[in-house]
Each structure stands twice: as C-alpha cells, then as structure tokens.
Amino acid sequence: MSGIALRNIRKAYPGGPTVLHDVSMEFHPGEFIVIVGPSGCGKSTLLRLIAGLERADAGEIEIAGIRANDLAPQDRDIAMIFQNYALYPHMSVRENISFGLELRGMPKAQRNRRAEEVARMLQLEPYLERKPGALSGGQRQRVAMGRAMARNTSTFLMDEPLSNLDNALRVAMRTEIKDLHRQLGATIVYVTHDQTEALSLADRVAVMKDGHLQQFDRPEVIYDRPANRFVAGFLGVPPINFVAAEKLPGWQGMQGLTAGLRPDILSVHAQKPAGPALEARLVLSEMTGSDLLLHCDSAAGRLTAIAPRRAMSDPAAQLWISYDLDRALFFDNDSGERVDLARDLRSIRTAEE
Amino acid sequence: MKPENPVVAVLSLVVGLLFLSPVLYSIWMSFQTADAFYAGRVTFTLDNYERAVGQFNFARYLLNSLIVSGLVTVLGITVATLAAFAFARFTFRGGDLLFGATVATLMIPSHISLIPNYLTLAKVGLLDTYAGLILPAISNGFAAFFLRQYIRGIPKALDEAAYMDGASPLTVLWRIIVPLSKPAIASMALYIFITEWNNYIWPLVAVGRQDLYTLQIGLARLYKINPGEGLVDWPLVMAASTITILPVLAGFLFVERHLVRGITMGAGK
Ligand SMILES: Nc1ncnc2c1ncn2[C@@H]1O[C@H](COP(=O)(O)OP(=O)(O)O)[C@@H](O)[C@H]1O
Ligand SMILES: [Mg+2]
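Just so you know, the protein sequences line up as chains A and B, in that order.
Mapping to the numbering used here: the first sequence position 269 is 269, numbers consecutive.
Mapping to the numbering used here: the second sequence position 26 is 379, numbers consecutive.
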C-alpha cells in the first residue's frame, strides 16, 4: 500500500494545448479514488502520468513518499488496466496473467500457481488456455483485471475499465471491483466519465473539466455541496435543474444567481400548495420503473421533477411545483462558484413570504 | 480454398500452367543430352546434373549462395526490424530525418551505389570475401519502411501494458512486436532472400575468386561452355538453373504458412 501525491502537475502534448493545468491531489494508501469528467478533460493523461507512461512538464509526482517523476513504469509498483484491455493477443489467458511474473523472474511452477489462483478469484479457470480473441467482452475485462492483480502491486490504475461492457455486466462488475478493493486493500485510481460509477465506487471523487481539477472530496460532499455549477450539473441523475434565482417565487431580489434544484427536492402538486410554488405545464412524463420523471415548463423555465409512481398514477397537465428551500443550491452567475447563502438569510426570505 | 465455380477452377488451372510452362520446359530440358536436344530426339539422362555439380562446381556455388543469402536475410531482417521498431515507437532527435533518409534510399537505383560500395570495400580489404558479399546488402530501406508501417498498426497500448508488466524495450520488441508482426517479417524475409538470391551485379563486381562464386555467377559462366560451334549447352544450363530455383521454391513453401496464418491474427481488444 502506498499513497500518491500530485503537486502542481502541468502537461501538454508536443505541439498541443495544455491538457492538465496545475493539478494537485493526494491519495491515501488503500483509498478508492475515482477521477471523473467529460471526455477529453485529461483523465487518461493524469492516469498515464501516475503510471509513468507520460512525463509531466512541471510539478511533482510522489509515490510512497518518494519523488517518482523520473521512475520508469516498471519501477513504480503500479498495475494498470487499460480502457481497451490491451491483452496480448498472441498469448493465452494464462500467459497474459503470468507475463509480468515471468519478466520479474518468478519460476514457472510458481507463476502457474499464481495464475490459477487469480483465475479462480475471477472465475476465469475454464479459459486459462484460450487466447483473448476467443473470449467475450466481460471475460476479457476480467483477464485484464487478473493481469493487473497477479503481481500484488500496491496501486491499481483503471482507465474506464467497464466502458466497453453492456449495462447489466457493468453493474455486476462494479460490485465485483468494489469487493476486490476490499479484499486487496490496495490503492485504486479509477477513471470514468460515468457519474454513477463515480458516486457508487469512490471513497473520494475528483471531478475534472478541461484539465482543471474542479473538486476533490467524498461523494456525498460532491453531490450535496458541489463546488460549482459544472460539478452540480455533471453529477446526479436525472440532472439538476438550473433556473435564474430571481424567477423563483420568494427570491425575486436575488440578482446574479442561478439556483440549482435537484429533481428529488421538487414536489409536484395538483393544487397550489402552501408556501412558494411555481405553476407548471406537464410536457412529458417518463416512466423509470418505480418513479416518474415529470418534465414541466414553468415561468422559471424547464424543470424536471421525480415522483414515486404510486403517488402520481395520472399526472394532470397543469401542476404546481414546490421545492425544499434548505436543499436548493445557488451559484454565482459570473464565476459559476457555489454561493453558501447563510441559513438565516434564507429563513428571513421565507418569513417574508 | 475451394472455388465453387468450375469455370473459375479451369481458368485458374490454365493460367497456373501458363505461368509454370517455362519452368516445366526447362526442367524437362535439363534431362536431355545436348546431342539429342539439338537433334530433336527425346532422351532421359542425369548427366547434366552430374556435370553441373561435378565438373562445374555447382555444389560449391549453391553453398555460397545459401551462406550469402541466408546471412543477408537473417542480418537484414534483424536490422530492418530494429530500425522499424525505433521509427514506429520512439521519438528521438533526428528520428524523422533518419526515417526520411531511409525512405529516400528506395528512390536510388542500386547501380548508383555500386562503385562507391566497391571502392569502400576495396579500401577496407573486403573484396573477395563472404563479408564483402554480405555487408552491403543488410541495410534494406524497403524492409525497414514496410515493417515500420506494419508495427504502427499494432496498438501502442500493448507495448505500454508490457512496460507496466516490467518489460524493457527489447523485451517488448521480442515478446510483443515480433510475434505480432510475424506475417510482415516473414514476407520481408522472403523478399530479402529472393532479392539476394537473384543478385547478379554485386557478386560479379565484388568477387573474383571462383570458390566464392554464387549460383548466379556460375550460371552466367555456363553459357560459355560450348558443345559445338556457336551453340550453348542448354540442357546443362537448364540443369544448373533447376539447381538454382529449387531452394527459393523450398523457402517459399516454408514461409508461406506464416504468411497466410498471420493475416487472420488480429490484435483483438
Ligand atoms: N498522445 C497525445 N497526443 C496529443 N494529444 C493528446 C494525446 N493524448 C491525448 N491528447 C489530448 O489531450 C486531451 C486529454 O485527453 P485524455 O487525457 O485522453 O482525456 P480523457 O481521458 O479525459 O478523455 C484531449 O484533448 C486529447 O485530444
Ligand atoms: Mg480517456
């Protein structure tokens, strides 16, 4: 187990724009870190810098307390799972898993035992002698995990390991990876563009955009108190509703702020409720299983609310939407930063109603 | 591969025979005596082979050709593969320039380098040696270029996975790139071998000693052996020719397996 520290990392590819701007983060030993952000924001680049496959233009990478900028990948005690798995197509599953052990001089009998042990953990035993070309996507994904696990490294880097799998398999593997993390106790740095994976897997989530670190914190904090409008919009399904704050009843005086209302803090009523509420017209109701997603047009703009299907068997075309003021988020229109409106200010506002 | 259409099968057979006919004719001719051949009679004799090998030293020429072409192939493919790996995978100062120069050599006719090469080898005293026959041929710009293009088609993530697994660059080359480039390497090896096997000008210039003659030189000499006034001993020449083409055929049959099998092997994600 070893911690990793990134200090003021900057990276540009030759002849290209800067891909990482001054990124600093610290990962504790044994943590499950998820780096999340839209495609092209520099997640893979960051992972490759930690792996030693790219060099930073500036800044410092520290692994287990020592400066690692100039360490070759094979000297970093790190294993990596590549997005497309990068299995050696000319080697059997057994050889794929034990290649790293062979290169490190482990005798054949011992390597074989280790490969079988890993294969057993990942339910790959029946496929040990097959080539990757004769495996399904899910099996290849597990071989990639097995190859990384075989060497017992202290750190695993995973670059969108589940993005090539179909949905059911992805959900199943998510649980398996979490379970594996518990068993191995290793540090995992996991890159994804999928916010569900980020929130469900991570001990801490790093949200990135355009090469800038936006926020790095526990998933609950990222969700409940996003640092800025981008983070609020990127995480959460269905996505948060942004409306101009002054268009909300009771907030008419709030110039220059955007309110962020997650669908689950909106309540839908057939009659005008007590307290602040918006009149809305139902545009579309979407069934998601136990819930209904209600897309409505209101004076404040388009709002999406979520309601249990039992309570809303047949939503009317004209509705009232109220909101839980304590859980509304506010963002500065110019900077996009979240503004922490003091609670008392809120209570004054509500009292004025 | 079974052609489903009988017309295609018959046509293929005809075309194949058309290509083969000169070879078959020369092989047939090599079993005739010169007298019978010029008199238009049909005979069967192994005499021409006996004379080619015994009297005209073709066993030695065959050995020389095998040594020279074999070593040129092994050394040439090694140099080309190493260069291709470097060009395909590493950025280094002057790399683009070097690669450009490599490609540029493809545009230079080999006859232009004949005299400089001769003078260089004369200066270092390598004329009339095996080394003199072999060394100028082991840098092959085309093979380096071809293999570089092929290697660029292999996902770089495979290299990176191997580096993470603890491999050195040479291990990556030997354990990942070479096995995955087998079809291309086999094709280039065959190409280098055939080119060198058929090389005539350079051995002619670089070697004067008869015991270093390659088959091509020996073959050219045979034209001077006259069975009668102004006649060439064609059956003797054809026996020697047959000795000359057999190793190439054998080489092709040996490599063909790799050429075909390799094409179906994808990198598979
Ligand atoms: N080898 C490379 N050379 C030049 N630009 C690259 C290279 N790899 C990635 N980039 C660029 O760097 C940016 C970040 O890429 P990447 O780290 O792969 O993003 P992500 O993994 O978040 O999708 C992208 O704009 C991409 O085009
Ligand atoms: Mg990526």
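Ideal Cβ positions, reconstructed from N, Cα and C, are used throughout, including at glycine.
Cβ-heavy atom distance, residue i to ligand 1, below 6 Å
i: C296(A); result: no
i: G16(A); result: yes
i: V427(B); result: no
i: Y566(B); result: no
i: Y516(B); result: no
i: V19(A); result: yes
i: G40(A); result: yes
i: Y13(A); result: yes
Cβ-heavy atom distance, residue i to ligand 2, below 6 Å
i: E44(A); result: Residue identity check: residue 44(A) is Ser in the sequence provided, not Glu. Within the cutoff, so yes.
Unbroken alpha helix (DSSP H) run spanning residue i, endpoints
i: G494(B); result: G494 to R505
i: S298(A); result: Careful: S298(A) lies outside any alpha helix (DSSP H), inside the beta strand (DSSP E) at D291 to S298.
i: F390(B); result: A387 to A392
i: H464(B); result: S463 to K476
i: H181(A); result: N167 to L184
i: A454(B); result: G448 to A457
i: V363(B); result: P359 to M382
i: L689(B); result: An answer regarding residue 689(B) cannot be provided, because it is not within the stretch 354 to 622 covered by chain B.
i: F234(A); result: R229 to F234
i: A119(A); result: K108 to M121
i: N410(B); result: Note, N410(B): premise wrong, no alpha helix (DSSP H); not H, not E.
i: N401(B); result: D400 to E403
i: L248(A); result: Unbroken run through L248(A): none, as it is neither H nor E.
i: I547(B); result: K535 to W550
i: L486(B); result: Y483 to I487
i: L49(A); result: K43 to A51
i: I554(B); result: I554 to A559
i: Q139(A); result: G137 to A150
Host beta strand (DSSP E) of residue i (start-end)
i: N8(A); result: I4 to A12
i: H212(A); result: H212 to D217
i: T18(A); result: T18 to F27
i: A307(A); result: G301 to P308
i: L432(A); result: This structure cannot settle anything about residue 432(A), because the visible part of chain A is limited to 1 through 353.
i: G59(A); result: A58 to I63
i: A244(A); result: N241 to A244
i: F99(A); result: First-last for F99(A): V93 to L103, but that is the alpha helix (DSSP H), not the beta strand (DSSP E).
i: V34(A); result: F32 to V36
Where residue i meets chain A, residues with beta-carbon distance less than 8 Å
i: P532(B); result: H90
i: T434(B); result: Those do not exist, as T434(B) stays about 16 Å from chain A at its closest Cβ, beyond 8 Å.
Contacts that residue i makes with chain B (C-beta to C-beta distance below 7 Å)
i: F99(A); result: D518
i: A51(A); result: M517
i: P73(A); result: Y516 and M517
Strand pairing of residue i, partner residues [DSSP]
i: D159(A); result: V191(A)
i: K209(A); result: H212(A)
i: L320(A); result: A quick correction: the sequence has Trp, not Leu, at residue 320(A). In DSSP, W320(A) forms a bridge with H269(A) and E279(A).
i: A79(A); result: F156(A)
i: L511(B); result: BP columns for L511(B) are empty, so no partner.
i: M287(A); result: L292(A)
i: F330(A); result: A259(A)
Residues that residue i contacts on chain A, provided the C-beta gap is smaller than 7 Å
i: A514(B); result: F82 and A86
i: I529(B); result: Y88
i: T524(B); result: L103
Chain B residues whose Cβ lies nearer than 8 Å to that of residue i
i: R104(A); result: G519
For residue i, the nearest candidate out of the options (CA to CA)
i: Y414(B); options: L612(B), G604(B) and P600(B); result: P600(B)
i: M382(B); options: L373(B), T396(B), L370(B) and I570(B); result: T396(B)
i: R7(A); options: P14(A), L213(A) and V237(A); result: L213(A)
i: H295(A); options: R309(A), G289(A) and A280(A); result: A280(A)
i: L292(A); options: K272(A), R229(A), D264(A) and Y127(A); result: D264(A)
i: D512(B); options: Y85(A), G211(A) and R114(A); result: Y85(A)
i: S379(B); options: S594(B), W527(B), E403(B) and L472(B); result: S594(B)
i: F331(A); options: N241(A), L135(A) and D314(A); result: N241(A)
i: I487(B); options: P375(B), F607(B), G369(B) and I430(B); result: I430(B)
i: M287(A); options: L266(A), I81(A) and R310(A); result: R310(A)
i: R142(A); options: L128(A), S335(A), N228(A) and I61(A); result: L128(A)
i: A603(B); options: W587(B), F546(B) and T444(B); result: F546(B)
i: A5(A); options: G42(A), G65(A) and L157(A); result: G65(A)
Within chain B, partners of residue i - CB distance below 9 Å
i: A79(A); result: M517 and D518
Per-residue contacts from residue i into chain A (C-beta, under 9 Å)
i: T396(B); result: Chain A residues near T396(B): none, gap ~54 Å exceeds 9 Å.
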